[in-house]
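First the structure, in the form of C-alpha cells, and then the observations on it.
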Amino acid sequence: MRSWSRRSSPRSSTRAPGSPTPNENLASSGENGALQRNHLRRYNAGMVNEMTERLLADAGLGPGMRVLDVGCGPGAVSFMVARLVGRQGQVLGLDRDARALESARARARELGLSSVTFAEGDLGALAPEHGLFDAIVGRRVLMYQADPVGAVRGLSRALRPGGVIVFQEHDATMVPASVTPLPLHERAHHWMWRTVEREGADLHMGFHLASVLSEAGLALEQVRAEAVVQTPATRYPTAAILRAMMPRIVQQGVATEPEIDVDTLEERLTKEREEANATFVSDVVFGAWARRPA
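Using this note's numbering, read the sequence shown as starting at 1 and increasing by one per residue.
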C-alpha cells in the first residue's frame, strides 16, 4: 500500500479539465478519440457512475427539484440528475470549459432533455441570474479548489434554506493497494496521480470532505467511501486514460511516452493481474452530503 504526500503547490480556482479518474473530459480528439470515449463511457456506466447515482438518490434528489451541477464537464452527472428530478425538475450544468459544454448540449439535444441547460462560468462567481437551487452537486471538483471551504461557502449562498449540497471526490491516500505485488499497476497509478498532484490537486480531498462541508457552515448528514476494485476478470481503461493524459504527463515530467508504451499497456496490465490472480484497489471514492440550515 502506498500513499502520496500532499504538495504545497497552489490549486486553480476552478476544476481542472480532466482528472486521474475516468471521465469523458479525458478523451482526446483525433483518430483515437472515439475509442477512448467508448472505453471511458463503459467504465463510468459500470463503476463510478453507479456510485454517483446511489449517492445522489440517497441524498434526496427527486422529482421537481432545481439542481446545479458545478464543474459539469460534458454532462455525465447532469444527466444522472435529470433522471432523478424528472421532466418537472430543472438542471443547470456549470463549467468553464467551452468545448465540454458544447458536447453536453449536443448530448442533451440527442436525449431530448429540454429541462437540462448548460452555462459557461466559474463556481467561485455564480451569476445572480442563476437564482436559487434545491440542490447543488459536484464530482471531482473540490480537489482542484485553492480554497475548498470558501468555494462551498460561496455555493451555499445559491442554495435554498434546507437545500442539500452533494460532492463526490476521489482520494489517493490508501491506494494503490494489493496484497500481491503488481508493479506495473502501481507504476500506472503513479503516472496518473503524480501528474494531477503536480497540477495542484489535493489527493486527500476525500478525507477532508466532511471538514470542508462543516467548516463551510453546512449541517453534515452523511459521508461514505467506496473502492474501485480490479480483478483478473474485470477490465479497467487505464491505457485509454493514460493515452488521453499523455501530454500532461510529459509536461509535468512524470514519465515519457516510451516509458509508458501505451499501445501495449492494457495487454501488459491484464497479463500481470491474470498471472498473479490478484485483486488491485485503484481508487477510493468518497461521497458526502450536507444541508444549508433552514
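We put the CB at the ideal spot given by N, CA and C, even for glycine.
Three-state secondary structure assigned by DSSP to residue i
| i | result |
| --- | --- |
| Q145 | coil |
| R96 | coil |
| R109 | helix |
| H189 | helix |
| H304 | In the structure displayed, the chain extends from 1 to 294; residue 304 sits before or after that span and is not available. |
| E275 | helix |
| G163 | strand |
| R224 | strand |
| G33 | Residue placement at G33 is poorly supported in this model, since its pLDDT is 40, which falls under 50; the coordinates are not used for a value here. |
| D69 | strand |
| T117 | strand |
| V296 | Outside the shown range of the chain, which is 1 to 294, sits residue 296, and nothing can be said about it. |
| L26 | Legend: pLDDT at L26 = 34, less than 50; position of this residue unreliable, no value from coordinates given. |
Through-space distance from residue j to residue i, alpha-carbon basis
| i | j | result |
| --- | --- | --- |
| W4 | V196 | Interpretation of W4 is limited by its pLDDT of 40, a score under 50 that renders its predicted location unreliable; the figure taken from the coordinates is listed afterwards. Roughly 11 Å separates the two Cα atoms. |
| A288 | T238 | 26 Å |
| R243 | D261 | 9 Å |
| H130 | S156 | 13 Å |
| R282 | M246 | It should be pointed out that residue 282 corresponds to Ser in this sequence rather than to Arg. Taking the straight line from one Cα to the other gives about 19 Å. |
| A216 | G150 | 7 Å |
| L203 | M174 | 10 Å |
| G162 | A219 | 10 Å |
| E110 | R83 | 15 Å |
| M192 | L265 | 14 Å |
| E53 | T234 | 21 Å |
| A201 | P258 | 26 Å |
| Q249 | P63 | Correcting the residue identity first, residue 249 is Ile in this sequence and not Gln. Approximately 42 Å between the Cα atoms of the pair. |
| A76 | L101 | 11 Å |
Member of the options whose CA lies at the smallest distance from the CA of residue i
| i | options | result |
| --- | --- | --- |
| A60 | I136, L213, L184 and R140 | Correcting the residue identity first, residue 60 is Gly in this sequence and not Ala. The shortest Cα separation from G60 among I136, L213, L184 and R140 belongs to I136. |
| A158 | V70, R235 and M192 | V70 |
| E274 | R224, F280, P232 and Q145 | P232 |
| L182 | R268, L101 and S114 | R268 |
| N277 | S178, V81 and V85 | S178 |
Paired residues, beta bridge with residue i - DSSP
| i | result |
| --- | --- |
| V196 | For V196, which the question treats as bridged, DSSP gives no partner whatsoever. |
| H170 | V285 |
| R291 | V164 and A219 |
Beta-carbon separation (whole angstroms), residue i vs residue j, contact threshold 8 Å
| i | j | result |
| --- | --- | --- |
| A341 | L94 | Nothing can be reported for residue 341, as the shown portion of the chain is limited to 1 through 294. |
| A127 | V116 | With a Cβ gap of about 18 Å, A127 and V116 do not count as contacting. |
| E169 | L142 | 6 Å |
| D134 | R87 | In fact, because the Cβ distance is near 16 Å, the residues do not count as touching under 8 Å. |
| S114 | P74 | Contact flag wrong, Cβ pair sits at about 18 Å. |
| V284 | A210 | Rounded, the Cβ-Cβ distance is 14 Å, inconsistent with contact. |
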